[in-house]
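**Q** One structure follows; several queries about it will come next.
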Amino acid sequence: MNALILRILLFFTVSLLLILALFQFVLLKPMYERYRLNSLADQSKMIGNAYLSGNLEKTIQDLGKQGETCIRVISSTSDQVYGSRACLLSSLSNSQTMALQKNALLNNGHYADQQLLQVGGSSQTFQGVIDVHVVSNGKDVVTAMVYDVITPITATRQTLITQIWIIGLFLFLMILAVTLWIRQKVVKPLIEMNQAAKELGRGLYSGEKVKPNYTEVQELNQTLTQAALDVQKADQAKRDLLANVSHDLKTPLTMISGYGELMQDIPEEKTNENLQIIVDEANHLNLFVNDLLDLSKLEDHRVSAQFEQKDLVKELAPLIHQYEAYAKQENRHFEVRLVEEYHYQTDYKLLLQVIQNFLSNAFHYTADGDSIYLEMIQKDKTYRLQVRDSGVGIPKEDLKDIFERYYKVKQEHRRYAYGSGIGLSIAKQNLDLLELRYGVDSELGKGSTFWIDL
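Residue numbers (my numbering): 26 to 479.
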């Protein structure tokens, strides 16, 4: 990361210095000379037009304010109209003047004569330029001549070279400072997070050691910290699931094996009661395996809802009869409070599985003599279908985990007497698939209410 940032900044700096060098060392002289030549051409043309328009004096005054340019104006009717004293143009002979006029006429009225001049015994040369414009208004032909020296820029170039070296040194020091600053404020926290994230697979990311200074880096650190917590939670859930599944598979198999061996060794124990125990355990084992398969299909999105319009109360009748018989067997008070008829469009296989899981959960967490209610409560124009019990209730801090697999009121795992132990997780998947609003209200020691808004 450091090397990449440094390379980018160096590339930017070197590119900037190369562009500056190109313009200052290579293009400065020709660009400056072209500008001066164009300026002299504009001045000579301006002077010729000013004479024809009668505005010569003011134009020459304005040009005089810009610099000491040598000017000479010649008219075909009155010979020389204006001429600067003590300059090259005033010393031109008639033949030289006529030659300049002729060259201008041959070049569409404009001609520039460039001469190299040498001052005294010096080896330094100067470029002198005579710019000639010939203009006419049909009656008079005016020749405007302007002379000036294009000053060498050698000293200027040397000054610019020194400035570029200073700028280059300043940019290098600035890049070095910026690189060190970025390393300390951005790169270092990212390196620390990268090192810590290598343990993320085991849920061991320690984001507390990283102290980012920027919002984006802080958010990344928080995301990795949360991911580590999620990994830990998923790992713990996996271990709990394996332990609980092993327990719930082993218990019925042990009882089936134990009673089978007992009846095999002692013929007198071959009674209907013992055979019923084997059948019940086999049925529980079958129910448990089916629930595991259902949950796997739901989590893999291999189940789709098939909606149909039916009478909800009529569809609940077989389930109600089943739990009425179970309530007498388990010494519970089971009461049904439904409307006479309620037509509703849903997937009844999935919805009835949810209600059965709610009822199974209510019977499991109630004791002898407790009450369980299956109710429909009107809410505006809709109904809420709920299972309410007077059992042990659920601690407030545990409500958010109630629909997780193998949720337990107590820490120790206990095999469900009626159901598989993953019913609420299946119920959650079913209700999400049906896109229904659901939840649980509970108070510790007073019971729980599992509800669905239809």
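No residue lacks a Cβ here, since even glycine has one placed at the ideal position from N, Cα and C.
As the structure is a computational prediction, the values presented were derived from the model and not from experiment.
Does DSSP classify S115 as helix, strand or coil?
**A** Helix.
**Q** Measure the Cβ-Cβ separation of N412 and F475 and say whether it is below 7 Å.
**A** Checking the sequence, you will find Val at residue 412 rather than Asn. Closer than 7 Å, so yes.
**Q** Could you tell me the alpha carbon to alpha carbon distance between Q347 and Q251, rounded to whole angstroms?
**A** Computed Cα separation, rounded: 45 Å.
**Q** Return the chain-ordered list of same chain residues with a C-beta closer than 8 Å to the C-beta of L469, the five sequence neighbours on each side being excluded.
**A** Hits under 8 Å: V417, G418, I419, P420, K421.
**Q** Within 8 Å, do at least three Cβ pairs link the segment 329-337 to the segment 359-375?
**A** Contact between the segment 359-375 and the segment 329-337 is present, because at least three Cβ pairs lie under 8 Å.
**Q** With distance defined between alpha-carbon atoms, name the residue in Y367, S120, N133 nearest to K406.
**A** Closest option to K406, Cα to Cα, is Y367.
**Q** Please confirm whether S64 and V171 have their CB atoms less than 7 Å apart.
**A** It is not a contact, given that the beta carbons lie outside the stated cut-off.
**Q** Counting Cβ pairs closer than 8 Å, one from the segment 126-140 and one from the segment 190-208, do we hit at least three?
**A** No, the segment 126-140 does not touch the segment 190-208.
**Q** So, with DSSP's three-state summary, where would you put E22?
**A** Residue 22 falls outside the range modelled here, since the chain spans only 26 to 479, and no answer is possible.
**Q** Cutting at 8 Å between CB atoms, please list the residues of its own chain near N74, excluding the five before and the five after it.
**A** Hits under 8 Å: V160.
**Q** Taking just the CA atoms, how far does Q49 sit from K83?
**A** Their backbone Cα atoms lie some 37 Å apart in a straight line.
**Q** In whole angstroms, what is the alpha-carbon distance linking N119 and L125?
**A** Answer to the nearest angstrom: the Cα atoms are 10 Å apart.
**Q** Checking the sheet assignment: what are the DSSP bridge partners for D173?
**A** Its beta-bridge partners are V154.
**Q** Output the distance between the C-alpha atoms of V338 and H309, rounded to the nearest integer angstrom.
**A** So the alpha carbons of these two residues sit roughly 27 Å apart.
**Q** Go ahead and pull the three-state DSSP assignment for T102.
**A** In the structure shown, T102 sits in coil (DSSP, three-state: anything other than H, G, I, E or B).
**Q** So, for I303: in the same chain, excluding its five sequence neighbours on each side, which residues have a beta-carbon less than 8 Å away from its beta-carbon?
**A** Hits under 8 Å: M280, I281, Y284, G285.
**Q** Among P177, E349, E429, Y398, whose alpha-carbon lies nearest the alpha-carbon of A259?
**A** The option with the nearest alpha carbon to A259 is E429.
**Q** Does the beta-carbon of L198 have 16 or more other beta-carbons within 10 angstroms, so that it is buried, or is it exposed?
**A** Counting Cβ neighbours within 10 Å, L198 comes out exposed, since fewer than 16 surround it.
**Q** So for F359, helix, strand or coil by DSSP?
**A** DSSP places F359 in strand when its eight states are reduced to three.
**Q** Roughly how many angstroms lie between the CA atoms of D478 and E298, to the nearest whole one?
**A** When rounded, the distance between both Cα atoms is 43 Å.
**Q** Assuming G448 is part of the beta strand (DSSP E), what are its boundary residues?
**A** No beta strand (DSSP E) contains G448, which is instead part of the alpha helix (DSSP H) from 448-459.
**Q** Return the bridge partner residues of L399 from the DSSP annotation.
**A** According to DSSP, L399 bridges with V361, V412.
**Q** With a CB to CB cut of under 6 Å and the five nearest residues on each side skipped, what residues in its chain are close to L461?
**A** Result list for L461: I477, in chain order.
**Q** If you follow the beta strand (DSSP E) that F475 is part of, which residue opens it and which one closes it?
**A** Counting along the chain, the beta strand (DSSP E) containing F475 begins and ends at 472-478.
**Q** Taking the CB atoms as reference points, tell me whether L344 and M401 lie closer together than 7 Å.
**A** No. Outside cutoff.
**Q** Under the three-state reduction of DSSP, which class applies to Y367: helix, strand or coil?
**A** Y367: coil per DSSP, three-state reduction.
**Q** Between L376 and L323, which are expected to be in contact by the criterion C-beta below 8 Å, what is the C-beta distance as a whole number of angstroms?
**A** 14 Å between Cβ atoms; not a contact.
**Q** Can you list the alpha helix (DSSP H) stretches of 4 or more residues lying completely in the segment 286-339, in chain order?
**A** Fully enclosed alpha helix (DSSP H) runs of 4 or longer: 297-324.
**Q** To the nearest angstrom, how far is it from the Cα of T248 to the Cα of I216?
**A** Cα to Cα, the separation comes out at about 16 Å.
**Q** Assuming S473 and D414 form a contact by the criterion Cβ under 8 Å, report the distance between their Cβ atoms to the nearest whole angstrom.
**A** That pair is a contact at about 6 Å.
**Q** With a cut-off of 8 Å on the beta carbons, I'd call I99 and T122 a contact; round off their distance for me.
**A** Right, their Cβ atoms sit about 7 Å apart.
**Q** The alpha helix (DSSP H) spanning R61 covers which residue range?
**A** First-last of the alpha helix (DSSP H) with R61: 53-78.
**Q** Taking its Cβ as the centre, do 16 or more other Cβ atoms sit within 10 Å of Q183, making it buried, or is it exposed?
**A** So Q183 ends up on the exposed side.
**Q** Sort V270, Y408, N132, P277 by Cα distance to L318 and report the nearest one.
**A** The residue with the shortest Cα to Cα distance from L318 is V270.
**Q** By the DSSP assignment, the alpha helix (DSSP H) with Y373 in it spans what residues?
**A** Looking at the DSSP string, the run of the alpha helix (DSSP H) that includes Y373 is 373-389.
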